[in-house]
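In the working numbering, the protein residues as written are -19 to 582.
The C-beta atom is built at its ideal place from N, Cα and C for all residues, glycine as well.
Predicted model, so just to flag it, every value in this text is computed and none were measured.
Set out below in structure tokens:
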């Protein structure tokens, strides 16, 4: 017998327990899409076929989907009208990524129901590029050789994470404004897992027109954000196009300075020529007497002996215009250039994770008016206040497009190659985020979905660290625990999500012989402790049972009893025996023991 024929006998059209990665789990996608439907908002993608067509599986109700949620789900998600931070610790396979997908769907439903009070989801979970850029900037050569990633990650700052978050959003915002499109793509849901993505910016049909209507300060904020956090390629040209697109002109004083520096030298030159011509006519000589030196020149100009008022006036015009021109040239080409280069170097030194070169920053900052580069507007130091001010600038811009808040999700911190599960490296990267000042920012919430190893490291921290982090007010879930009954309900929900339309409901215990009993199944799931291992155990039970059963037993020979369960002739062929259950349970418990000891990979 094959697992497919076994499940088809029970009206199950897809194996609910085969997926091991939440992002590729179509059953989870259906459950997530059905969950959280409140306030009259309809979720999309509820009845999706295995081949993309509708109706291949029965619809999943919201009440059923809620059984697939962890008990701490509501605490972690919170009230999206007032986004709040949360810190979750969990073992591998405990459902952190599932929780992330459920958060994503909750944000989608919130944005659909409140389009003028939306929340922008920012996925800060692919840390590979972030860590590689940080290490490339901080690596150095010593007498002992090149420094390690551990040395580099110890220098991770909160501002680096904020730069990465801003670098995630700003380029997409600029793209939408330059293309004058919403950037949201097609609306509406699709097949399994094809839910609306709240991390995609939805700026409406004419975002550029909205940007033109912003007040002067907000448009300035937008240009400063673009100059610092846009992508490296063509950043200067993009800022120039954006500035023109949203109707921001350079200050008149800057144009006047530019014009004077370029052609201002003509005034003293023409004045000097005029003085020469008038004095030549007045004195009848082309030049003064060379034997008298300076006095001869002064007398020839008309400033010696009887002073001529016209000579004084023209001489004053000459020296004044020359002095003004020299001062402007010095200011523009020396003082401004010196300050500009200094600001560019400082920004390049401090913004370490966006992948931009110093030349790229120079091209962007050159397009900004000189007066905008001072006053603490640019991130020229490692002050957190400057970066948080940048975040608030982004909030002000997005508010015009209906976004009231931002939600950053940090997940999979143990997966990048430069970390590879190393606790010390994870600690160095994540700990800067555990700051009460950051986690309690208005309009900016962060959901930290962290490996359980970091919880053990957290317990070894000092009282000063806890005072700074104030974890007592950060919605902390110390461990994403699953009890046996919770896992049983989860398995039941997944079975129902794979049920064929019109098929009778089937529970997990119905797949086993009566001798096994529900309590024994719950007890076995309790030892698995988390969904991934629970699914492996049930999957292995089905596989072992099918491997030991002859496939010639016909499902047609099985009758349906009055209580809705399959019975009569051949029923044992479609029920997992106690012997198989006990054997698999013992093998899975041993697998977990060896996994905990580190003597096996999975």
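Check your understanding: When the Cα atoms are used, what is the spatial distance from residue 235 to residue 227?
Key -> For the purposes of this step, residue 235 is taken as the residue at position 255 of the chain shown. For the purposes of this step, residue 227 is taken as the residue at position 247 of the chain shown. Straight-line Cα distance between these residues: approximately 16 angstroms.
Point to revise | Alpha carbon of residue 120 to alpha carbon of residue 244, nearest angstrom | key: Position 140 of the chain shown, counted from the first residue, corresponds to residue 120. Position 264 of the chain shown, counted from the first residue, corresponds to residue 244. Taking the straight line joining both Cα atoms gives about 49 angstroms.
Exercise for review: Determine the extent of the alpha helix (DSSP H) in which residue 358 is found, giving its start and end residues.
Suggested key: Reading the chain shown from its first residue, position 378 is the one you call residue 358. No alpha helix (DSSP H) holds residue 358; DSSP gives it neither H nor E.
Review point. Considering only the beta carbon of each residue, do residue 501 and residue 492 sit closer than 8 angstroms?
Key: For the purposes of this step, residue 501 is taken as the residue at position 521 of the chain shown. For the purposes of this step, residue 492 is taken as the residue at position 512 of the chain shown. Against a cut-off of 8 angstroms, the Cβ pair of residue 492 and residue 501 comes out as a contact.
Review point. So which of -7, -10, -2 has the shortest CA-CA distance to residue 523?
Key: Translated into the one-based positions of the chain shown, residue 523 becomes position 543. Checked all of -7, -10, -2; the closest Cα to residue 523 is -2.
Practice item. Apply the 10 Å Cβ neighbour rule to residue 229 and answer buried if 16 or more other Cβ atoms are within range, or exposed otherwise. Key: Residue numbering aside, residue 229 sits at position 249 when the chain shown is read from its first letter. Flag for residue 229 reads exposed.
Practice item. Report yes if the CB atom of residue 573 is closer than 8 angstroms to the CB atom of residue 504, and no otherwise. Key: Numbered from its first residue, the chain shown carries residue 573 at position 593. Numbered from its first residue, the chain shown carries residue 504 at position 524. No. Outside cutoff.
Point to revise | Neighbourhood of residue -18 by C-beta distance below 8 angstroms, restricted to the same chain and skipping five residues each side | key: Counting from one through the chain shown, the residue named residue -18 turns up at place 2. Cβ within range, chain order: 526, 531.
**Study point:** Backbone CA spacing between residue 485 and residue 554 [nearest angstrom]
**Key:** Counted from its first residue, the chain shown places residue 485 at position 505. Counted from its first residue, the chain shown places residue 554 at position 574. Their Cα atoms are separated by approximately 16 angstroms.
Exercise for review: Please classify residue 210: is it buried, with 16 or more other beta-carbons within 10 angstroms of its beta-carbon, or exposed?
Suggested key: Numbered from 1 along the chain shown, position 230 holds the residue referred to as residue 210. Residue 210 should be labelled buried.
Review point. If you drop the 5 nearest sequence neighbours on each side, which residues of the same chain put their C-beta closer than 8 angstroms to that of residue 433?
Key: Your numbering for residue 433 matches position 453 in the chain shown. So the qualifying residues of the chain are 394, 401, 403, 406.
Check your understanding: Given a threshold of 16 other Cβ atoms within 10 Å of its Cβ, counted over all protein chains shown, does residue 452 qualify as buried or as exposed?
Key -> Sequence index remark: in the chain shown, residue 452 carries index 472 (1-based). Burial call: exposed.
Review point. Among 310, 110, 84, which has the Cα closest to the Cα of residue 58?
Key: The residue labelled residue 58 in the question sits at position 78 within the chain shown. The shortest Cα separation from residue 58 among 310, 110, 84 belongs to 84.
**Study point:** residue 252 versus 293, 102, 111, 217, residue with shortest Cα-Cα distance
**Key:** Reading the chain shown from its first residue, position 272 is the one you call residue 252. Ranking the options by Cα distance to residue 252, first place goes to 293.
Review point. Does the Cβ-Cβ distance between residue 581 and residue 138 come in under 8 angstroms?
Key: Locating residue 581 in the chain shown gives position 601, counting from the first residue. Locating residue 138 in the chain shown gives position 158, counting from the first residue. No, they are not a contact pair.
Check your understanding: Using DSSP with H/G/I as helix, E/B as strand and the rest coil, what is residue 144?
Key -> For the purposes of this step, residue 144 is taken as the residue at position 164 of the chain shown. DSSP places residue 144 in helix when its eight states are reduced to three.
Point to revise | Simplified DSSP state of residue -8, which is helix, strand or coil | key: As a first step, residue -8 is located in the chain shown; it is residue number 12 there, counting from the start. Of the three classes helix, strand and coil, the one that applies to residue -8 here is strand, per DSSP.
Practice item. Just the C-alpha distance for residue 160 and residue 461, rounded to the nearest angstrom, thanks. Key: In the chain shown, counting from the first residue as 1, residue 160 sits at position 180. In the chain shown, counting from the first residue as 1, residue 461 sits at position 481. Straight-line Cα distance between these residues: approximately 47 angstroms.
Point to revise | Candidates 46, 511, 136, 203: closest to residue 376 by CA position | key: As a position in the chain shown, residue 376 is number 396, starting the count at 1. Out of 46, 511, 136, 203, 203 has the C-alpha closest to the C-alpha of residue 376.
Check your understanding: What does a CB cutoff of less than 6 angstroms around residue 199 pick up in its chain, not counting 5 residues either side in sequence?
Key -> Walking along the chain shown from the start, residue 199 turns up at place 219. Result list for residue 199: 226, 228, in chain order.
Check your understanding: CB residue 480 to CB residue 194, shorter than 8 angstroms?
Key -> What you label residue 480 is simply residue 500 of the chain shown in a count that begins at 1. What you label residue 194 is simply residue 214 of the chain shown in a count that begins at 1. No, the Cβ-Cβ distance between residue 480 and residue 194 is not below 8 angstroms.
Check your understanding: Of the residues 90, 88, 179, which one's Cα is nearest the Cα of residue 624?
Key -> Outside the displayed span of the chain (-19 to 582) sits residue 624, for which this structure offers no information.
Practice item. Note down, in chain order, each residue of its chain lying with its Cβ closer than 7 angstroms to the Cβ of residue 543, except the 5 sequence neighbours on either side. Key: Taking the chain shown and counting its residues from 1, one reaches residue 543 at position 563. Low local confidence applies: a pLDDT of 44 at residue 543 is under 50, so the model's placement there is unreliable, with the coordinate-based value given in what follows. Excluding residues within five positions, none has a Cβ falling inside 7 angstroms.
Review point. What is the rounded straight-line gap between the Cα of residue 145 and the Cα of residue 388?
Key: On the chain shown, position 165 is the one that residue 145 refers to. On the chain shown, position 408 is the one that residue 388 refers to. Going by the C-alpha atoms only, they are around 8 angstroms apart.
Point to revise | Residue burial classification, residue 108 (beta-carbon count within 10 angstroms, cutoff 16) | key: Reading the chain shown from its first residue, position 128 is the one you call residue 108. By the neighbour-count rule (16 or more Cβ atoms within 10 Å), residue 108 is not buried but exposed.
Check your understanding: Beta carbon of residue -6, beta carbon of residue 512: below 8 angstroms?
Key -> Numbered from 1 along the chain shown, position 14 holds the residue referred to as residue -6. Numbered from 1 along the chain shown, position 532 holds the residue referred to as residue 512. No; because the gap between Cβ atoms is not below 8 angstroms, this pair is not in contact.
**Study point:** Cross-strand partners of residue 84 (DSSP beta bridge)
**Key:** Here residue 84 refers to the residue found at position 104 of the chain shown. According to DSSP, residue 84 bridges with nothing at all.
Review point. Alpha carbon to alpha carbon, what distance is there between residue 77 and residue 220?
Key: Position 240 of the chain shown, counting from 1, holds the residue named residue 220. Position 97 of the chain shown, counting from 1, holds the residue named residue 77. In a straight line, the C-alpha of residue 220 is about 40 angstroms away from that of residue 77.
Check your understanding: Taking the DSSP output, what are the residues bridged to residue 579?
Key -> Translated into positions along the chain shown, residue 579 becomes position 599. In the DSSP output, where bridge partners are listed per residue, residue 579 has none listed.
Check your understanding: Counting along the chain, where does the alpha helix (DSSP H) carrying residue 134 start and finish?
Key -> On the chain shown, position 154 is the one that residue 134 refers to. Run containing residue 134: none; DSSP gives neither H nor E here.
Review point. Quick one: what does DSSP say residue 522 is sitting in, helix, strand or coil?
Key: Mapped onto the chain shown, residue 522 falls at position 542. Three-state DSSP puts residue 522 in a helix.
Check your understanding: In whole angstroms, what is the alpha-carbon distance linking residue 456 and residue 68?
Key -> Counted from its first residue, the chain shown places residue 456 at position 476. Counted from its first residue, the chain shown places residue 68 at position 88. Spanning the two alpha carbons is a distance of roughly 6 angstroms.
Check your understanding: What's the C-alpha gap between residue 12 and residue 338?
Key -> The sequence position of residue 12 within the chain shown is 32, counting from 1. The sequence position of residue 338 within the chain shown is 358, counting from 1. Residue 12 and residue 338: Cα-Cα distance of roughly 44 angstroms.
Practice item. With a 10 Å radius around its C-beta and 16 neighbouring C-beta atoms as the bar for buried, classify residue 246 as buried or exposed. Key: Taking the chain shown and counting its residues from 1, one reaches residue 246 at position 266. It is exposed - the Cβ of residue 246 has fewer than 16 other Cβ atoms within 10 Å.
Point to revise | Contact belief for residue 518 with residue 471 at Cβ below 8 angstroms, rounded distance in angstroms | key: As a position in the chain shown, residue 518 is number 538, starting the count at 1. As a position in the chain shown, residue 471 is number 491, starting the count at 1. Confirmed, about 6 angstroms.
Practice item. Give me the Cα-Cα distance between residue 63 and residue -11, rounded to the nearest whole angstrom. Key: As a first step, residue 63 must be located in the chain shown, where it is residue number 83. As a first step, residue -11 must be located in the chain shown, where it is residue number 9. Going from the Cα of residue 63 to the Cα of residue -11 covers about 46 angstroms.
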